[in-house]
Each structure stands twice: as structure tokens, then as C-alpha cells.
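What follows is one structure encoded as C-alpha cells, with my remarks underneath.
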Amino acid sequence: MAVIAVVTGIGGGTLRDLLLGRTPVFWVNNPVYLWVMLGAAAFTVLYVRFRQPPLHALEIADAFGLALFTVSGAQIAEGFTRQGLIVVLMGTLTGVAGGAVRDVLCAEIPMVLRSRQLYATAAIAGATLYHLGVLLRLPSPVPTLIGMAIAVALRFASIYGGLRLPSFRLPEGGR
Amino acid sequence: MAVIAVVTGIGGGTLRDLLLGRTPVFWVNNPVYLWVMLGAAAFTVLYVRFRQPPLHALEIADAFGLALFTVSGAQIAEGFTRQGLIVVLMGTLTGVAGGAVRDVLCAEIPMVLRSRQLYATAAIAGATLYHLGVLLRLPSPVPTLIGMAIAVALRFASIYGGLRLPSFRLPEGGR
Amino acid sequence: MAVIAVVTGIGGGTLRDLLLGRTPVFWVNNPVYLWVMLGAAAFTVLYVRFRQPPLHALEIADAFGLALFTVSGAQIAEGFTRQGLIVVLMGTLTGVAGGAVRDVLCAEIPMVLRSRQLYATAAIAGATLYHLGVLLRLPSPVPTLIGMAIAVALRFASIYGGLRLPSFRLPEGGR
């Protein structure tokens with residue numbers, strides 16, 4: 007479980023750093039990240055041993071994590087490229103790839119690909135609005151706050167409001 | 007589906023760049039690659055909505071893609087190493103790894119490992135002949151054309167002619 | 007099978023090199039590693055065709071491989087960081103990641119995550135004792151020998167003595 011927790015937590019940022027060539031990757035010289043993940047995993051394991059977690063607690067924590075990772079991933083990518091598409095993609099990867107690696111390790115199709123919930127979509131929207139805010143030269147914490155707010159809002163709409171993506175179905179007789 | 011299309015298209019070259027240390031990877035400063043993949047995915051989705059794709063159309067497109075990716079991967083590796091084995095391996099990886107990542111994301115055993123069709127074999131043969139052509143100092147587009155031709159020919163022999171690899175079976179009583 | 011053998015053999019060290027930014031990765035300019043893996047795979051395939059492998063032969067070979075890869079991975083990480091946690095983690099990754107990638111390619115949950123055998127634990131203990139030996143300035147081959155000995159001993163205790171980890175079970179009514 008410790009392995010899964012750490013992979014989920016740092017997987018997205020690690021992939022971003024590898025693709026951008028920011029090596030050694032971020033946690034090699036800053037092991038505080040690993041300690042935080044291990045601590046959080048231990049706390050959660052102990053907690054669910056004694057009490058029920060509050061309704062949706064994990065999904066809410068996950069929504070804030072997704073928003074934070076996505077916007078900070080986009081921020082780092084801005085130091086490497088001027089291409090908006092790449093900035094948004096790197097933000098999205100940072101936000102969602104950790105969970106995807108976790109699902110691959112568990113031999114499942116990554117939730118982010120499978121689910122009709124707004125997950126990748128929330129990350130894409132958050133990274134896009136953050137980057138637009140930067141391009142419009144909004145003052146410093148504003149783009150970050152806007153980007154995180156929209157990502158969290160879309161996740162909440164999906165968790166509480168049942169907002170869903172349309173699904174694609176191959177027509178009968180298609181290949 | 008956009009994610010899957012992009013991963014399949016750029017996965018092999020991305021892995022090659024990571025292993026060689028060519029970072030940021032090729033598409034970070036050249037997002038035209040991503041746009042082409044997204045465009046092709048959108049076109050294909052729309053097309054199969056309205057018409058049957060022609061027989062073997064996807065496999066034929068895939069055969070040319072495999073040949074092109076394999077030879078260009080080998081070409082790039084030649085700038086990093088003189089080791090023929092590594093050049094051939096990098097070409098093969100560039101050609102086949104995108105599809106393997108796609109299969110892993112879909113929680114399947116990669117087709118390239120599973121199938122008795124000549125797939126990795128076509129890439130290995132194409133990269134080897136391309137590299138031999140370079141070592142023999144054939145004039146400039148000749149090695150590329152030879153390498154691509156043999157890879158496409160082996161794929162076609164597999165698709166249309168039913169050419170297959172022998173399979174390995176553990177003898178009864180083996181471990 | 008050649009692909010699987012090579013991935014298992016060099017996967018852990020490749021991941022370590024990518025994360026540390028030691029690129030091109032170790033086998034690009036030293037293809038002797040690839041030849042050794044291919045040779046060993048060919049030998050094993052031929053061997054099991056004609057004779058039963060001795061009892062536990064593969065697991066014993068694997069135990070020594072795990073010990074060697076783990077300690078050498080930790081050694082390389084020491085050149086990049088002073089953080090003990092990272093040294094131990096990189097050693098463990100080098101030891102176990104190749105097999106994990108192999109399992110992912112075969113669409114299985116990696117044995118290292120699934121099994122209650124002491125596998126990652128053996129690597130963690132070996133890397134930790136090796137690194138402690140270095141910190142205590144023991145003379146040169148001693149930390150290596152101690153680290154490898156403890157990793158092999160724990161694997162043997164697991165294979166022959168049936169030593170197992172406790173498993174974690176979510177209490178009834180948990181999330």
C-alpha cells in the first residue's frame with residue numbers, strides 16, 4: 007500500500023519531469039514529498055481501521071489534489087515552452103497520471119480513460135483557464151486561483167451533481 | 007479516445023527520447039505532432055460514424071506508420087551510438103512501443119508480445135536493413151527506402167499472406 | 007520471450023537512470039548487458055526443452071539477481087544524493103522494477119505488490135543495511151556483502167522457510 011500511495015502521489019509530477027528533462031526528478035533531492043505521502047498513507051490506514059471516513063472525504067481530498075497538481079504542473083511547463091497546448095497537456099498529465107499509473111499497476115484500465123466522470127476534463131479546464139489568466143497578465147495568484155477553482159468546481163459537479171461526459175459508441179456494423 | 011490516439015502515436019518516440027536523454031522530448035517544442043494525432047483521431051471517429059472503413063485500411067495505414075517510425079527512430083539513435091544492436095533496438099522501440107503502451111493502458115497484454123503476426127519482427131528487419139545500408143555507405147535515401155520497404159512487405163505478408171511466427175510451447179512436465 | 011527477458015533484466019536500472027537523469031541509460035553505450043540477457047534467455051529456453059530445471063533453481067538465481075541489482079542501484083544513487091531514503095528507494099527500484107514492468111506487460115498485478123512473500127522487503131532491507139554500512143564507513147566490500155547477504159537471506163527464508171508478511175484487510179463496513 008505504501009508503494010501505491012507514493013506512486014499515485016508523485017507519479018504525475020515524475021512523468022512531467024522526465025518528459026521535460028528536469029532530472030533528477032523533483033523528489034530525488036527533496037524527499038519531504040515521499041515522507042508526506044508515506045505519512046498520509048499510514049494515517050489513512052489507521053483511520054479507516056477505527057472509523058468510517060466521512061462521506062466523499064477521499065473524493066474531496068482528491069479534487070483539491072487534482073487541482074493543485076494540475077496548476078503547478080502547468081506552471082512548471084511554462085518555464086520550458088511557450089506552446090499553450092503543451093502547458094495544458096503537462097498540467098493535465100501532472101494531475102492525472104499518478105492515478106493512471108496506480109490503475110495500471112493494479113491491472114485495471116485507468117479510471118481517467120474509463121470513467122464518464124469529469125476527471126481529465128476538470129484538469130484540462132483548470133490548466134487552460136490558469137494558462138489563459140497568465141497570458142492575459144492577470145496579477146500573480148489570480149490565474150492559480152481561477153484554475154484551481156474551475157477544476158475543483160467541475161469535480162464537485164461530477165461527484166455531487168452527477169455531471170457526466172457523453173460516451174462514444176461505435177455504430178452497429180462499424181469496425 | 008484522444009488520449010489513446012496520442013499515446014499510440016507519440017509513445018514510441020517519447021520512450022526513445024527518454025532512453026537517449028534527448029529531453030525535452032520531441033513533441034514539447036513541436037506540438038504540431040499532437041495536433042496531427044488529434045486531427046487524425048477526430049477524422050477517424052467521424053468517418054466510422056458514417057461509413058465502413060475500407061477492408062484492412064487501418065492495418066495498411068499502421069504498416070506504413072510502423073515502417074516510418076522504425077526507420078526514423080534508428081536514424082536518430084545513430085546520432086547517439088555506434089552500436090548496431092542499440093540502433094536496431096531503438097528503431098524497433100520507436101515503431102512498436104506506442105501500441106504497447108496503448109495496450110497496457112487498456113489492461114491488455116501488448117499485441118506485439120502476444121501476436122504471432124510479424125510485427126516486432128517487421129520492425130527489427132526494417133531497422134536492421136536500414137542500418138546495414140548506412141554501414142555500407144549506400145547513398146542517402148536508399149537505406150531509408152530499403153528499411154521501410156522490408157518492414158511494409160513483412161507486414162503485408164502477415165496481413166494478406168497469413169505469414170506467422172512459430173510459437174513456443176513448454177514441453178509437458180516443464181516448469 | 008526475448009523482449010520479456012531483456013525488460014525484466016534491465017528495466018529496474020533503466021528506470022533508476024531515467025529518474026536520476028543518467029542518460030543515455032546504462033545499456034545504450036554498453037550493449038553487453040543486452041547480449042548477456044539474450045544469451046541467458048536462449049540458454050534457459052533450450053535447457054527447459056530438454057530437462058527439468060532443478061527445484062527452486064529460478065528462484066535462487068532470482069534471489070542473487072535481486073540482491074546484486076539492489077545494492078548496485080543504491081551505490082549509483084549515492085553518487086547523486088545524500089538522502090538515505092532516496093538511496094534505499096533507488097536500490098529497491100533497481101532490484102524490483104524490472105519484474106514489475108514484466109508483470110504489467112503481461113497484464114498482471116506486479117508480484118512485488120501482490121505477494122505476501124518478502125520480495126520488496128528483502129530489497130529494502132538489503133539497500134538499508136548496505137547504506138548503513140557506508141554511513142558507518144565500513145571498509146569497501148563489507149557494506150556490499152552485508153547488503154547482498156541480508157537480501158538473499160530474506161528471500162531464502164521466504165522460499166524455503168515460508169516467511170510471510172501480514173496482510174492488510176479493510177474492516178467490515180470500511181470504505
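Chains as they are written, first to last, in this note's numbering: chain A, 7 to 181; chain B, 7 to 181; chain C, 7 to 181. Backbone N, C-alpha and C define an ideal beta-carbon position, used for all residues, glycine too. Every value quoted in this text rests on a predicted model; they were computed, and no experiment measured them.
Item                                                                                                                             : Value
Proximity test, Cβ basis, 8 Å: residue 110/A and chain B                                                                         : yes
Cut-off 8 Å between Cβ atoms - residues of its own chain near residue 99/B, not counting five sequence neighbours on either side : 18, 21, 22, 25 and 79
Sub-8 Å separation of residue 140/A and residue 147/A beta-carbons                                                               : no
Span separating the alpha-carbon of residue 44/C from that of residue 36/C                                                       : 14 Å
Among 31/C, 144/C, 48/C and 71/C, nearest to residue 15/C - alpha-carbon criterion                                               : 71/C
Beta-carbon neighbours of residue 47/C, restricted to chain B and to distances below 9 Å                                         : Simply none; closest approach about 11 Å.
Cβ neighbours of residue 181/A in the same chain (closer than 7 Å, five flanking residues each side left out)                    : In this prediction, residue 181/A has a pLDDT of 37, which is less than 50 and means its spatial position is unreliable; nothing more can be read from the coordinates.
Buried versus exposed call for residue 7/C [16 or more other C-beta atoms within 10 Å across all chains shown]                   : exposed
Any C-beta of chain A under 8 Å from that of residue 70/C                                                                        : no
Short Cβ contact (8 Å threshold) for residue 105/B with residue 94/B                                                             : no
Cβ separation of residue 11/C and residue 77/C, assumed to be a contact under 8 Å, to the nearest whole Å                        : Not a contact, Cβ separation roughly 22 Å.
Cβ-based burial, residue 137/A [other Cβ within 10 Å; buried from 16]                                                            : buried
Residue 123/A in three-state terms, based on DSSP                                                                                : strand
Among 9/A, 66/A, 31/A and 85/A, nearest to residue 48/A - alpha-carbon criterion                                                 : 9/A
Contact set for residue 144/B: own chain, Cβ-Cβ below 8 Å, skip 5 residues either direction                                      : 152
Amino acids of chain A, ordered along the chain, whose beta-carbon sits closer than 9 Å to that of residue 86/C                  : 30, 34 and 35
Nonlocal neighbours in the same chain, by C-beta distance under 7 Å from residue 154/C, ignoring five residues either side       : 73, 74, 77 and 132
Inter-residue spacing [alpha-carbon to alpha-carbon] between residue 107/A and residue 51/C                                      : 32 Å
Straight-line Cα distance separating residue 41/A from residue 87/C                                                              : 16 Å
Per-residue contacts from residue 89/A into chain B (C-beta, under 8 Å)                                                          : 34, 35 and 37
Cross-chain neighbours of residue 52/A in chain C, by beta carbon under 7 Å                                                      : Near residue 52/A there are no residues of chain C at all, since even the closest Cβ is about 11 Å away, more than 7 Å.
Buried or exposed by the 16-neighbour rule on C-beta atoms within 10 Å, applied to residue 135/C                                 : buried
Distance CB(residue 13/A)-CB(residue 111/A) smaller than 8 Å                                                                     : yes
Residues of its chain near residue 53/B, where Cβ-Cβ distance is below 7 Å and the 5 sequence neighbours each way are ignored    : 59
Rounded separation between residue 130/B and residue 27/B - CA only                                                              : 22 Å
Residue 85/A burial status per 10 Å Cβ neighbour count (16 or more: buried)                                                      : exposed
Distance between residue 38/C and residue 126/C (C-alpha atoms, nearest Å)                                                       : 27 Å
8 Å contact criterion, which residue 171/B and residue 122/B should meet: CB distance rounded                                    : 5 Å
7 Å CB neighbourhood of residue 103/C in its chain, flanking five on each side removed                                           : 17, 18 and 21
Alpha-carbon spacing of residue 65/C relative to residue 33/A, whole angstroms                                                   : 33 Å
Under 7 Å by beta carbon: chain B residues contacting residue 1/A                                                                : There is simply no residue 1/A to check, as chain A begins at 7 and stops at 181 in what is shown.
Beta carbon proximity, residue 65/C to chain A, threshold 8 Å                                                                    : no
Proximity test, Cβ basis, 8 Å: residue 40/C and chain B                                                                          : yes
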